[in-house]
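**Q**
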């Protein structure tokens, strides 16, 4: 216990309630001890300014007035101090200390009552990207809104807390089986599916959940939380926006595999294990292929050919996404520089390279693009940098400067996945954009939902009014293609035209298209 707390409690209870005023006023030792406490800040919970008042009371009125003052301040601040110690400032939720204390008590009760306790470890998906692009203030607002929404779903017997950052926990007490915890996890995941509005942006904040359930053996609060954390990693590895339950028999295997995966990915660049596949971009007015988007793959000796969805999120967590991006840029430009000879045709083929928010924020981006163009000899106008719209949400002036600097190199700029959750018309108005790529989620609904067609038609009209071309991503069916043509889209990509193909497949693919166009021209003539 704090020295000042002992002093005030003992003197207050032991003296002021029983001794006459004169005795207290003459108690020299207590007087000087209280004087020291007031002057030196030994009374916890008493602000500095009030401690100076205590000093004045001691000098003018002796110990009794000081006892009364100290006691009054301490009684008034005790509840506040306890609240501060166990409450998260940002969300108003219980904090880690409170959660672990409640978990310890719940585990003790469950042992006596032979009921199970579950911990749900809730972690927001890709919150770091949002926080880095929108700023910490917007990130804090999103966390507060997420906390508010989940709290509305919390029921009796459940404790919801924030551990820190974008990590939350839920304590379920008195459950029968793990299935009860899974039902609760589904409830929380469902409530996060609808978007949030943060600073005028529509934001989707999905989450992954790890579940750990106590069994018959003794388990500490820290260990149960650790198991939920392991299950959370499994949920992330399974594709995010889902939950996983901790399985004792699978823990060692999962941990070893994850560590091996991380190690292999860290060394993949230097071992030259990445390769590029290319998906064509088709001009809808005549069906001509006008370019290819470069899509990275990981050719791992043990796991085979892995798509980007299986390793790029991990690369982002490991902080090596920019290294992979630099490799992709150089390899794509080198390959595209050879296309005029290897893939001759009537249209100069462009190459699209994706730029993640982490890459876009790097100060070296412009100089690296300039150096790669000089190194590979690729004509700048044939390089199209496809920038995720989340990358454009950072500081407006800095973003504009970067885009203008890239544009001055002669490269083309596209907003990728437009409409995926952070869209703003301000981007189209203020930024030097050449192409707008409509997210596949809209395209997938055009032949099912008339509202999706209306949205695309409006976007096309707006983009064309600003001199921006429109590309529809993820086109898979003829009905979709017809509706996109009617809506006025300029270009399209998708499995309907071709699946991504390795570099060596491009020359015969382009040659077959040229032959088909020549045959159609002869037939028409």
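Residue numbers (this note's numbering): 99 to 623. Positions of the beta carbon are idealized from the N, C-alpha and C atoms, including for glycine. Just so it is clear, the structure is predicted and the values come from calculations on it, not from any experiment.
Output the distance between the C-alpha atoms of residue 418 and residue 454, rounded to the nearest integer angstrom.
**A** In the chain shown, residue 418 corresponds to position 320, counting from 1. In the chain shown, residue 454 corresponds to position 356, counting from 1. Computed Cα separation, rounded: 12 angstroms.
**Q** Got a sec, what are the start and stop residues for the alpha helix (DSSP H) residue 546 sits in?
**A** On the chain shown, residue 546 is found 448 positions in, with the first residue counted as 1. Per DSSP, residue 546 belongs to no alpha helix (DSSP H) and is neither H nor E.
**Q** If you follow the alpha helix (DSSP H) that residue 336 is part of, which residue opens it and which one closes it?
**A** Within the chain shown, numbered from 1, the residue matching residue 336 stands at position 238. Note, residue 336: premise wrong, no alpha helix (DSSP H); not H, not E.
**Q** Measuring alpha carbon to alpha carbon, tell me which of 535, 247, 263, 285 ends up nearest residue 293.
**A** For this step, residue 293 is matched to residue 195 along the chain shown. Nearest option by C-alpha distance: 247.
**Q** Considering only C-alpha positions, which residue in the set 339, 261, 288 is nearest to residue 411?
**A** Position 313 of the chain shown, counting from 1, holds the residue named residue 411. Looking at the Cα atoms, 339 is the closest of the given residues.
**Q** Are the CB atoms of residue 544 and residue 511 within a distance shorter than 9 angstroms?
**A** For the purposes of this step, residue 511 is taken as residue 413 along the chain shown, with counting starting at 1. For the purposes of this step, residue 544 is taken as residue 446 along the chain shown, with counting starting at 1. No, they are not a contact pair.
**Q** Helix, strand or coil for residue 284, going by three-state DSSP, please let me know.
**A** Here residue 284 corresponds to residue number 186 of the chain shown, with the count starting at 1. Three-state DSSP puts residue 284 in a helix.
**Q** Given that a residue counts as buried once 16 or more other Cβ atoms are within 10 Å of its Cβ, and exposed if not, what is residue 576?
**A** Residue numbering aside, residue 576 sits at position 478 when the chain shown is read from its first letter. With fewer than 16 Cβ atoms within 10 Å of its Cβ, residue 576 is classed as exposed.
**Q** Quick check on the burial criterion: 16 or more other C-beta atoms within 10 angstroms. Buried or exposed for residue 611?
**A** Residue numbering aside, residue 611 sits at position 513 when the chain shown is read from its first letter. When all chains shown are included, residue 611 counts as buried.
**Q** Just list the alpha helix (DSSP H) runs in the segment 223-297, keeping only unbroken ones of 4 residues or longer that don't cross its boundaries, in chain order.
**A** Fully enclosed alpha helix (DSSP H) runs of 4 or longer: 225-232, 234-249, 276-289.
**Q** Starting from residue 410, trace the alpha helix (DSSP H) in both directions and tell me its first and last residue.
**A** In the chain shown, residue 410 corresponds to position 312, counting from 1. Unbroken alpha helix (DSSP H) run through residue 410: 406-416.
**Q** If residue 187 and residue 222 are in contact, beta carbons under 8 angstroms, what's the gap, nearest whole angstrom?
**A** Here residue 187 corresponds to residue number 89 of the chain shown, with the count starting at 1. Here residue 222 corresponds to residue number 124 of the chain shown, with the count starting at 1. Contact flag wrong, Cβ pair sits at about 18 angstroms.
**Q** Counting pairs of Cβ atoms below 8 angstroms between the segment 193-209 and the segment 311-330, do you hit three or more?
**A** At 8 angstroms Cβ cutoff, the stretches touch.
**Q** Would you mind giving the Cβ-Cβ distance between residue 485 and residue 513, rounded to the nearest angstrom? I have them listed as a contact below 8 angstroms.
**A** To locate residue 485, count along the chain shown from 1; it is residue 387. To locate residue 513, count along the chain shown from 1; it is residue 415. That pair is a contact at about 6 angstroms.
**Q** Have a look at residue 435 and residue 441 and give me their C-alpha separation to the nearest angstrom.
**A** Counted from its first residue, the chain shown places residue 435 at position 337. Counted from its first residue, the chain shown places residue 441 at position 343. Cα-Cα distance, rounded: 11 angstroms.
**Q** In the DSSP assignment, find the alpha helix (DSSP H) that holds residue 494 and state where it starts and stops.
**A** Working through the chain shown from its first residue, we reach residue 494 at position 396. Per DSSP, residue 494 belongs to the alpha helix (DSSP H) from 494-506.
**Q** Just to confirm, is the Cβ distance from residue 267 to residue 219 under 9 angstroms?
**A** Taking the chain shown and counting its residues from 1, the one referred to as residue 267 is at position 169. Taking the chain shown and counting its residues from 1, the one referred to as residue 219 is at position 121. For residue 267 and residue 219, yes; Cβs fall inside 9 angstroms.
**Q** Buried or exposed: residue 91, going by 16 or more other Cβ atoms within 10 Å of its Cβ?
**A** The chain is shown only over 99 to 623; residue 91 falls outside these bounds and no answer can be derived.
**Q** With a Cβ-Cβ cutoff of 9 angstroms, do residue 592 and residue 538 count as a contact?
**A** Within the chain shown, residue 592 is the residue found at index 494, counting from 1. Within the chain shown, residue 538 is the residue found at index 440, counting from 1. For residue 592 and residue 538, yes; Cβs fall inside 9 angstroms.
**Q** Taking residue 583 as part of the alpha helix (DSSP H), name the residues at either end of that continuous run.
**A** Position 485 of the chain shown, counted from the start, is the residue given in the question as residue 583. Per DSSP, residue 583 belongs to the alpha helix (DSSP H) from 576-585.
**Q** So, is residue 602 buried or exposed, given that buried needs 16 or more other C-beta atoms within 10 angstroms?
**A** Position 504 of the chain shown, counted from the first residue, corresponds to residue 602. When all chains shown are included, residue 602 counts as exposed.
**Q** CA-CA distance, residue 387 and residue 379?
**A** Locating residue 387 in the chain shown gives position 289, counting from the first residue. Locating residue 379 in the chain shown gives position 281, counting from the first residue. Roughly 6 angstroms separates the two Cα atoms.
**Q** With H, G and I counted as helix, E and B as strand and the rest as coil, what does DSSP make of residue 431?
**A** Locating residue 431 in the chain shown gives position 333, counting from the first residue. Residue state, collapsed to three classes: helix.
**Q** Which whole-angstrom value describes the C-beta separation of residue 501 and residue 529, a residue pair presumed to lie in contact below a C-beta threshold of 8 angstroms?
**A** The residue labelled residue 501 in the question sits at position 403 within the chain shown. The residue labelled residue 529 in the question sits at position 431 within the chain shown. Yes, residue 501 and residue 529 are in contact; Cβ-Cβ is about 5 angstroms, under 8 angstroms.
**Q** Can you give the beta carbon distance from residue 216 to residue 311, rounded, assuming they're within the 8 angstroms contact cut?
**A** Indexing the chain shown from 1 puts residue 216 at position 118. Indexing the chain shown from 1 puts residue 311 at position 213. Residue 216 to residue 311, Cβ: 5 angstroms. Contact.
**Q** Provide the residue(s) that pair with residue 374 in DSSP beta bridges, ordered along the chain.
**A** Stepping through the chain shown from its first residue, residue 374 is reached at position 276. Looking at the DSSP assignment, residue 374 forms a beta bridge with 394.
**Q** To the nearest angstrom, how far is it from the Cα of residue 451 to the Cα of residue 430?
**A** As a working note, residue 451 is residue 353 in the chain shown. As a working note, residue 430 is residue 332 in the chain shown. About 7 angstroms.
**Q** Tell me which residues share the same chain as residue 392 and place their Cβ nearer than 7 angstroms to its Cβ, disregarding the 5 neighbours each side in the sequence.
**A** Translated into positions along the chain shown, residue 392 becomes position 294. So the list reads 374, 376, 426, 430, 449, 450, 451, once near-sequence residues are dropped.
**Q** The beta strand (DSSP E) spanning residue 533 covers which residue range?
**A** Reading the chain shown from its first residue, position 435 is the one you call residue 533. Run containing residue 533: 533-536, per the beta strand (DSSP E) assignment.
**Q** Just verifying my parser: in three-state terms, what is the DSSP assignment at residue 563?
**A** In the chain shown, the residue the question calls residue 563 occupies position 465. The answer is helix: DSSP assigns residue 563 an H, G or I state.
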